[in-house]
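**Student:**
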Amino acid sequence: MSSAPVIEVQGLRKRFGDFEAVRGIDLSVERGEVLAILGPNGAGKTTTVEILEGYLDRDGGQVTVLGQDPAGAPRALRQKIGIVLQECGIDRFLTAREVLQQHASFYPSPRDPDELLELVGLTEKAGERVKRMSGGQQRRLDLALGMVGSPELIFLDEPTTGFDPAARRQAWDIVRKLCEGGTTVVLTTHYLDEAQALADRVMVFAHGEVVASGTPSDLASRSGGSMISFELPAGVAAADLPASLAGSARQDGGHAGALVVESTTPTATLHELTGWALERGVELGALSVARPSLEDVYLRLIDDEETAQAAAAKESVDA
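Take the sequence shown: its letters are residues 5 to 323, numbered as in my numbering.
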């Protein structure tokens with residue numbers, strides 16, 4: 005098995021008129037890895053993925069996908085990759101099995117359509133015309149189409165949109181099985197729990213640049229520490245907390261008595277907080293300690309980036 009990265013990008017740039025959508029992005033994806041690309045709308049993630057897929061030409065930088073330049077989408081490369089777009093153009097008058105059989109004919113070593121239907125939970129819908137299938141069932145068929153060519157690399161763009169919670173977790177299991185077989189996955193999603201559950205590594209895009217990269221746990225460790233949440237009883241205010249905690253406690257949600265304290269030494273902080281509560285004879289409701297989720301980290305990164313961009317814009321105007 006080759007040790008070379010499946011995807012390697014250096015200095016990628018793309019402009020649309022005066023707007024620079026991608027500003028010198030570097031990234032690398034190893035074989036069998038799940039890379040989740042996150043970012044708000046307009047961050048450059050879709051543009052980057054479309055360049056990797058061969059749908060868009062770049063304006064600068066070096067790109068290799070499975071050892072080839074995707075520019076021009078060479079046929080030999082297309083046969084090695086699978087793509088699940090947010091909306092796939094499927095002949096709605098064909099049955100689910102017929103759609104898969106048709107697409108299987110385009111590849112030299114396709115997977116068996118009935119095997120794929122079973123994998124995505126559509127065996128009972130094999131003879132159903134696509135137009136009569138629900139949105140969630142059609143999305144499962146999209147997943148099957150992305151896998152029909154036995155791809156070495158698969159791009160998943162919001163793959164579980166429209167899925168109920170049980171179906172989402174079934175889709176996650178499918179992605180995990182793909183990776184166990186050596187398939188590399190590039191995932192774009194707005195579901196932060198999905199990225200946390202599936203990704204070996206996460207890249208956060210903002211304003212056409214990568215603002216953070218690492219495993220979900222790596223990113224969480226950069227956030228500053230654990231979150232200690234609790235509720236104060238009536239008549240007790242945040243100002244009544246020990247001085248070392250009162251200054252760092254912030255409101256958690258709409259309830260004035262619901263507070264959260266962020267700490268890099270949660271054991272010591274929790275000891276101080278509960279000791280204070282015992283001395284005062286008060287009960288701390290809903291007391292919990294948790295590491296920041298990927299969603300917490302992501303929102304903070306995006307907020308920090310927006311603040312930095314606004315400050316830079318103000319400095320530019322003032323100058």
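Glycine included, each C-beta is placed from N, C-alpha and C at the ideal position. Model, not experiment: these values are computed from the prediction.
1. Return the Cβ separation of G36 and T188 in integer angstroms, given the expectation that the two are a contact with Cβ distance under 8 Å.
2. Does the pairing of the region 295-314 with the region 211-231 give three or more beta-carbon distances under 8 Å?
3. Output the residue ranges of the beta strand (DSSP E) runs that lie fully inside the region 19-78 and measure 3 residues or longer, sorted by chain position.
4. According to DSSP, simplified to helix, strand and coil, what is A242?
5. Measure from the alpha carbon of K18 to the alpha carbon of each residue in A199, V26, E12, then state which is nearest.
6. Along the alpha helix (DSSP H) that carries R136, what are the first and last residues, could you check?
7. Assuming I178 is part of the alpha helix (DSSP H), what are its boundary residues?
8. Note down, one range per segment and in chain order, each alpha helix (DSSP H) of at least 4 residues found wholly within the region 103-130.
9. In chain order, what residues of the same chain have a beta carbon less than 7 Å from the beta carbon of A250, not counting five sequence neighbours either side?
10. With a Cβ-Cβ cutoff of 8 Å, do L305 and V208 count as a contact?
11. Excluding five sequence neighbours on each side, which residues of the same chain lie with their C-beta closer than 7 Å to the C-beta of V33?
12. Between which residues of its own chain and Q14 is the CB-CB distance below 7 Å, once the five residues before and five after are set aside?
13. Only counting the same chain, and skipping five residues up and downstream in sequence, which positions put a Cβ closer than 7 Å to that of D256?
14. Give me the Cβ distance between Q72 and L60, rounded to the nearest whole Å; I'm assuming they're in contact under 8 Å.
15. Per DSSP, what kind of secondary structure is T99 in: helix, strand or coil?
16. Once you ignore the five residues that flank F97 on each side, which residues in its own chain have a CB closer than 7 Å to its CB?
**Tutor:** Inspection of the coordinates gives the following:
1. 6 Å
2. yes
3. 23-33, 38-42, 64-69
4. helix
5. V26
6. From DSSP, R136 is part of no alpha helix (DSSP H); its letter is neither H nor E.
7. 169-184
8. 117-123
9. A242, A243
10. yes
11. P9, V10, I11, L39, T188, V190
12. D30, G65, Q66
13. S233, A262, L263, V264
14. So it is not a contact: roughly 16 Å between Cβ atoms.
15. strand
16. R133, K135
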